[in-house]
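Worksheet for the structure shown next.
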Amino acid sequence: MASKQNLIVAVLGLGSMGTGIAENILKNGYKLVVWNRTQSKTKALVDAGSMSAETPREAAQQCDIMISCLFDDASVFDIVQGENGLLAGIRKDSIHISATTISPMAATQLTKLHQEKGVHYISGPVLGRPDTAAAGKLRTFLSGSQSVIDRITTVVECYCGGGLINCGEDPAHACVMKLSANLCVASIIDTYGQIYALNEKWKVPTDITKQLFSMLFTHPGILAYSEKVRNREYTNPGGVALRGGLKDINLMLHTGEEVGVPLPFVNVIHDHIVTGIANGLGDKDWSAFAESARLNSGIQQKESNNS
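According to mature numbering (1 follows the signal peptide of the UniProt record, and there is no 0), the residues represented by the sequence shown are -22 to -1, 1 to 285, in order.
The structure is reproduced here in structure tokens:
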């Protein structure tokens, strides 16, 4: 791999996560190319010293490493394929890292498409929120060719100061791990809702219930969700909305179905998300599905969550 001075990295997709990833790569001295479907979102990074591309193909023609940070399976395939897709312009032996949460089945398909072009695909979904991305403290799961992972580690560490888990050679495995992490987080959020509902029915003050979570969970992100559920405040400043969370839950179900593994608790969360959307919470933070426990217990929805 070329030196930092000669290496060119592209970030495709400048949402709240992709922007943080791009900023930290630029801060670490790499030459950066950025692309976003809405071109105006590239301005701040261009002003800071990056270059911009009109299409994923144009970005791929210039770069050694491409990092895509998008929404779902379809959006990744969209920037990979077609006359303006990155595979139409990618240089031999270049590397595409998908930081998007996608299905393991999609990762397998994407690997094959890249191999047919003589280039490398690495699964690299990230774990964290927009503020974590901005701080360069995301966590990531990586899987694919180990020799290729060795070549990209210093770039990935620019935005994943929170930790890196190497999931092996199979590109599907990082996706399964990311969905497993999301399942763990989603299960905890749902548990918050059930416990607060139970304690409120027994008239235990929420500040006392809070002490339980402070004792059991010390991770800052987990405690942040606890506060959201406790206060029933689900504002969403650049994070994942409840509608977006439904996508990951469906991915978990489909991933289990693919290998014959039932995930009954995921079905429960799915129903709670659908209930939340039906109650007007679709654009709130995705943790708003915890409200289903209160709504199902006859606890009236907080007025601010109706707006």
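Glycine residues also receive a C-beta, built at the ideal position from the N, C-alpha and C atoms.
- Proximity of the segment 19 to 33 to the segment 156 to 174 falls short of the contact definition, fewer than three beta-carbon pairs being nearer than 8 Å.
- Counting along the chain, Gly(-5) sits inside no beta strand (DSSP E); it lies in the alpha helix (DSSP H) bounded by residues Ser(-7) to Lys5.
- Rounded to the nearest angstrom, the gap between the Cα atoms of Leu220 and Phe267 is 7 Å.
- Pairing Ala152 with Gly102 gives a Cβ-Cβ distance under 8 Å.
- Around the beta carbon of Trp180, a 10 Å sphere encloses fewer than 16 other beta carbons of the protein chains shown; the residue is thus reported as exposed.
- The three-state secondary structure of Asp109, taken from DSSP, is helix.
- Taking the Cα of Met(-6) as reference, the smallest distance to any Cα among Thr118, Gly254, Gly238 and Leu224 is reached at Thr118.
- Across the structure, Leu65 and Ile100 are spaced so that their CA atoms are roughly 14 Å apart.
- Only buried fits Ile(-2), as 16 or more other CB atoms lie within 10 angstroms of its CB.
- In the DSSP annotation of this structure, Asn62 is not part of any beta strand (DSSP E), being labelled neither H nor E.
- Pairing Ile130 with Val104, the inter-Cα distance amounts to about 15 Å.
- Its Cα nearest to that of Glu36, the residue Leu(-11) stands out among Ile186, Leu(-11) and Cys47.
- The DSSP-derived three-state label of Ala(-13) is strand.
- Taking Asp109 as reference, the option from Lys21, Ser192, Pro198 and Ile80 with the minimal CA-CA separation is Pro198.
- Straight through space, the alpha carbons of Met230 and Asp50 are spaced by roughly 13 Å.
- Within the segment 188 to 216, the runs of alpha helix (DSSP H) that reach at least 4 residues and sit entirely inside it are, in chain order, 198 to 209.
- Setting aside the 5 residues that flank it on each side, Tyr137 is surrounded in the same chain by Ile(-2), Asn2, Gly114 and Leu116, each with a C-beta closer than 6 Å to its C-beta; the list follows chain order.
- Inter-segment contact for the segment 83 to 100 and the segment 56 to 73 is present: three or more beta-carbon pairs are separated by less than 8 Å.
- A direct Cα-to-Cα measurement between Ser46 and Ile277 gives close to 42 Å.
- Residue ranges of uninterrupted alpha helix (DSSP H) with 4 or more members, entirely inside the segment 37 to 123 and ordered along the chain, are 51 to 58, 82 to 94 and 108 to 112.
- Around the beta carbon of Met155, 16 or more other beta carbons lie within 10 angstroms, which makes this residue buried.
- Gly141 has its alpha-carbon roughly 15 Å from the corresponding atom of Ile127.
- The residue among Val11, Gly(-8) and Thr(-4) with its C-alpha nearest the C-alpha of Leu(-16) is Val11.
- One thing to note: Gly122 has its Cβ no nearer than 8 Å to the Cβ of Pro82.
- Annotated three-state conformation of Cys138 is strand, per DSSP.
- The straight-line gap separating the alpha-carbon atoms of Val252 and Ser125 is approximately 43 Å.
- Across the structure, Thr132 and Arg210 are spaced so that their CA atoms are roughly 40 Å apart.
- Here Lys9 is buried. Its C-beta has 16 or more other C-beta atoms within 10 Å.
- In the displayed model, Val133 falls within a helix according to three-state DSSP.
- According to the DSSP assignment, Val154 belongs to the alpha helix (DSSP H) that extends over Pro149 to Lys179.
- Here DSSP, grouped into helix, strand and coil, assigns Val11 to strand.
- Here the alpha carbon of Phe243 sits roughly 10 Å from the alpha carbon of Asp249.
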